[in-house]
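Here's the structure we're looking at; comments come further down.
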Amino acid sequence: MTSVHKETLTRAGKSALLLCSVIAMASQCSCTPVSTAIGASARAGIALAEDRPINEVVSDAALKVAINTQLLEASFQDLFWTVKTTVFEGRVLLTGRVARNNLRDKTSEIVWGIGGVREVLNELEVGDGRDVADSARDRIITVSLRSKILGDQQISGINYKISTYNHAIYLIGVAQSRNEMDRVVAHAREVRYVRKLVNYVLLSKDPRRAQ
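According to the numbering used here, the sequence shown is numbered sequentially starting from 24.
Below you can see the structure in the form of C-alpha cells.
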C-alpha cells in the first residue's frame with residue numbers, strides 16, 4: 024500500500040469517527056447536566072479524531088473545563104447554560120446569549136483570567152431567551168454544514184469547529200490553504216436558514232498560531 028493510500032485511508036477513518044460524534048451530539052439536548060456529560064463524551068471522540076498533536080487537543084479540552092468551572096464558581100449558573108465555549112489552540116470562542124451587557128463583558132473578563140487563554144472571541148448576544156424551535160434549527164444548521172465539509176475530499180474537516188446560535192454560523196480552526204478555507208465558507212453559505220457567517224479560521228502558516 025502506498026503512502027498516499029495510507030494517508031487517504033487515515034483521513035477517511037478520522038472523518039468517519041468525527042461524523043459519528045457529530046450525530047451523537049446533535050441528538051442530545053444541552054440544557055441538562057446529564058446531556059452535558061453525554062455531549063462531553065461525544066466531544067472526546069472528536070478530540071481523538073482531530074489532526075493535531077494530542078497534547079494540544081488535551082490542553083484545549085482542559086481549558087474548556089477550566090472556563091466552565093470558573094463561570095460556575097463566579098455564580099453565573101444561568102450564564103453557564105446559555106454560553107457555549109469552543110476552544111481551539113487556546114483561542115476561545117463564546118457564543119450564546121446573556122441578559123445584560125455587563126454579563127457579556129464579565130464573561131470575557133472571567134475567560135481572560137484563566138491561564139492558557141490566548142484570545143477571546145466574544146460573540147455573545149444580549150437579550151431574552153429563545154424558543155425550542157430556534158435551538159433545533161441551529162442544530163440542523165451545524166449538522167448540515169459538518170456533513171458538507173466531511174463530504175468534500177479537498178477539505179480536512181477535522182481541523183474545523185462549528186458553533187451555531189440564532190441561525191448564525193461561527194467557524195474556528197485551521198485551514199491548510201486559502202482554497203480550503205474558501206471551500207468551507209462556500210459550503211456554509213449554501214446551508215439553509217443561515218442569516219450570518221463569522222469566520223475565525225486561521226491559515227496553517229498564520230504567525231498568530233505561534234504566539
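All residues carry an ideal CB built from backbone N, CA and C; glycine is no exception.
- For the pair K107 and S158, the CB atoms are not nearer than the 8 Å cut-off.
- Between V140 and L117, the C-beta spacing is not below 8 Å.
- Per DSSP, I181 lies in no beta strand (DSSP E) segment and is marked neither H nor E.
- The residue among A191, G180, V217 with its C-alpha nearest the C-alpha of E203 is G180.
- Within 10 angstroms of the beta-carbon of L147 lie 16 or more other beta-carbons, which makes it buried.
- Proximity to Y216 across D161, K171, L226, V197 peaks at D161, based on C-alpha coordinates.
- Nearest C-alpha to Q93 among Q176, N222, E213, G136: G136.
- R123 is positioned such that its CB atom lies closer than 8 Å to that of V149.
- Rounded to the nearest angstrom, the gap between the Cα atoms of N189 and V166 is 15 Å.
- Counted as a single uninterrupted DSSP element, the beta strand (DSSP E) harbouring I195 occupies residues 191-198.
- Counting only the Cα atoms, A85 lies some 15 Å from P76.
- With a contact defined as Cβ atoms closer than 8 Å, A211 and L194 qualify at about 7 Å.
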